[in-house]
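A quick write-up on the structure given underneath.
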Amino acid sequence: MGVPDERYSQITEKNPREICLLRGFPCKWGKCAFCDYIDDNGRDEKAMIELNRRVLSRVTGKLKVLEVINSGSCFELPEGTLEDICRVIRDRHIEKLFLESHWMYRNHLASMRERMPVPVVFKIGVETFDRDFRENVLNKHADFRGPEEVAEYFDSPCLMVGIRGQTKEMIAHDIRCLKQYFSLGTVNVYNDNTTAVKRDEELVSWFMREYRWLLDDPSVEVLYEITDFGVG
Numbered sequence: 554m555g556v557p558d559e560r561y562s563q564i565t566e567k568n569p570r571e572i573c574l575l576r577g578f579p580c581k582w583g584k585c586a587f588c589d590y591i592d593d594n595g596r597d598e599k600a601m602i603e604l605n606r607r608v609l610s611r612v613t614g615k616l617k618v619l620e621v622i623n624s625g626s627c628f629e630l631p632e633g634t635l636e637d638i639c640r641v642i643r644d645r646h647i648e649k650l651f652l653e654s655h656w657m658y659r660n661h662l663a664s665m666r667e668r669m670p671v672p673v674v675f676k677i678g679v680e681t682f683d684r685d686f687r688e689n690v691l692n693k694h695a696d697f698r699g700p701e702e703v704a705e706y707f708d709s710p711c712l713m714v715g716i717r718g719q720t721k722e723m724i725a726h727d728i729r730c731l732k733q734y735f736s737l738g739t740v741n742v743y744n745d746n747t748t749a750v751k752r753d754e755e756l757v758s759w760f761m762r763e764y765r766w767l768l769d770d771p772s773v774e775v776l777y778e779i780t781d782f783g784v785g
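The numbering used here numbers the first residue of the sequence shown as 554 and each following residue consecutively.
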């Protein structure tokens, strides 16, 4: 049985790497107001491990860097899949691994770094550093005080822009925080989905004009479509 193309891709522009979209157990939080991505999970551990193994089998190692994502945090991947990731890293001579985690797992990052045989770049879905909007509108369940606290644990925040109710000032603050406290980051331009959170077209247009320079910034990846990484 083959591997669906939407679960494996290669990023060849900024931070070249291979990327695999795996399946894990349900997101432990699973209540973010903007997210319908959590449907890509399961409870059949054997089936998930088998699928993930097929996806990971496509890793070539030619870019020396691997990113693994799933519909939640890396800590929700099956144990067998974590073992397979370690094996692929060794067999394909991977030198760096990107993983993603929710804020709630911040005290477990060190143990995952120790487990993996290469340095780990940990991403986190911050969405915004505006605490009120993040918690009371997006329901993110990430009560950190500011970017300094996030930077104590994580390497690369993922921001979201273009949401109805967001302001230009909030976005400007988020970009300043990203550039000041982190060496890497991702900016996701929001796209409507099945949730009640909606896109603000005027705000998106402003952002793409005002922050067009981010497209040339080697440390920031701007995702205009949710499939810009080639998976999903």
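Cβ atoms here follow ideal geometry from the backbone N, Cα and C, with glycine treated the same way. Keep in mind it's a predicted model, so treat the numbers as computed, not measured.
Check	Outcome
Opening and closing residue of the alpha helix (DSSP H) in which S758 lies	754-763
Per DSSP, cross-strand counterpart(s) of V852	For the chain, the structure presents residues 554 to 785; residue 852 sits outside this window and is missing.
Every unbroken beta strand (DSSP E) inside the region 597-675 [3 residues or more]	618-622, 649-653
Neighbourhood of I724 by C-beta, 7 Å cutoff - its chain only, sequence neighbours within 5 removed	V714, F760
Backbone CA spacing between E636 and I677 [nearest angstrom]	22 Å
Endpoints, alpha helix (DSSP H) assigned at Q563	Run containing Q563: none in the alpha helix (DSSP H); it sits in the beta strand (DSSP E), 561-564.
Sequence-distant residues of its chain with Cβ nearer than 6 Å to P579 (five each side left out)	N594
Closest Cα partner of G699 within the set V690, P710, R666, Y561	P710
DSSP three-state assignment for V791, whether helix, strand or coil	In the structure displayed, the chain extends from 554 to 785; residue 791 sits before or after that span and is not available.
Sequence-distant residues of its chain with Cβ nearer than 6 Å to E620 (five each side left out)	R570, I572, F651
Rounded separation between S736 and L609 - CA only	27 Å
Rounded C-alpha distance that separates R765 from H655	28 Å
Segment limits, beta strand (DSSP E) that includes E722	Note, E722: premise wrong, no beta strand (DSSP E); alpha helix (DSSP H) at 721-734.
Buried versus exposed call for Q719 [16 or more other C-beta atoms within 10 Å across all chains shown]	buried
Exposure of D592, with buried meaning 16 or more beta-carbon neighbours within 10 Å	exposed
From R762, N746, V740, D753, residue whose alpha carbon lies closest to that of V773	V740
Selection from I564, M665, R560, G614 that minimises the alpha carbon distance to V775	I564
Euclidean distance between Cα positions of L768 and V742	13 Å
Beta-carbon proximity list for D696, same chain, < 7 Å, skipping 5 on both sides	E688
Cβ pair G633, I602 closer than 8 Å	yes
Selected residue, minimal CA-CA separation from D733, among R645, F682, S624	One detail in the question is off: residue 733 reads as Gln in this sequence, not Asp. The candidate whose alpha carbon is nearest that of Q733 is F682.
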